[in-house]
Amino acid sequence: MFFIGAIFLLKAAIYTFTTELALTNKRIIAKFGLISRKTIELTHKNVESLSVNQDIPGRIFNFGSIRINGTGGSKAPIRKISAPLDFRMKANDIIESEQS
0 MFFIGAIFLL KAAIYTFTTE LALTNKRIIA KFGLISRKTI ELTHKNVESL
50 SVNQDIPGRI FNFGSIRING TGGSKAPIRK ISAPLDFRMK ANDIIESEQS
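Each residue of the sequence shown is one higher than the one before, counting from 0 in numbering that gives the first Met the number 0.
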């Protein structure tokens with residue numbers, strides 16, 4: 000039982016330390032992976048909406064997933080990030096200030 004728990008803990012630690020999330024004045028950038036790398040970049044003008052999904056443990060421990068809906072029907076999921084509501088609020092503030 001301990002071995003299984005240690006594997007899950009190691010997997011979560013690797014995911015945490017190999018995920019980069021950046022919010023700049025021009026784009027949203029997300030990078031995932033240790034050996035194989037996945038990168039998502041969306042400029043603010045291509046973002047239509049940001050949606051947050053949190054289950055009960057996510058609300059308790061303040062983590063969740065964000066889905067960025069872009070123009071042309073593109074969807075960029077960013078899973079298991081801390082403080083997803085804060086990220087959405089900051090992203091919306093930057094996007095709105097750029098559009099005005």
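Where a beta carbon is used, it is the ideal one built from N, C-alpha and C, also for glycine.
| Check | Outcome |
| --- | --- |
| If distances are taken between C-alpha atoms only, which option among Lys10, Glu19 and Asp85 comes closest to Lys37? | Glu19 |
| For the structure I just gave you, are there three or more beta carbon pairs, one from the stretch 13 to 32 and one from the stretch 69 to 85, closer than 8 Å? | yes |
| For the putative contact between Leu49 and Ala90, defined by C-beta atoms under 8 Å, what is the C-beta separation to the nearest angstrom? | 6 Å |
| Excluding the 5 residues preceding and the 5 following Asn52 in the sequence, name in chain order all residues of the same chain whose CB lies nearer than 6 Å to its CB. | Gly63 and Ser64 |
| Which of the three DSSP states is assigned to Ala82 in this structure? | coil |
| Restricting to Cα atoms, I'd like to know which of Leu22, Leu33 and Met0 is closest to Ala12. | Leu33 |
| Short check: CB of Thr101 to CB of Glu47, under 8 Å? | The chain is shown only over 0 to 99; residue 101 falls outside these bounds and no answer can be derived. |
| Measure from the alpha carbon of Leu84 to the alpha carbon of each residue in Ile67, Ile6 and Leu8, then state which is nearest. | Ile67 |
| Would you tell me roughly how many angstroms separate the C-alpha atoms of Pro8 and Ala82, rounded to the nearest one? | The sequence given here places Leu at residue 8; Pro does not occur at that position. Those two C-alpha atoms are separated by around 20 Å. |
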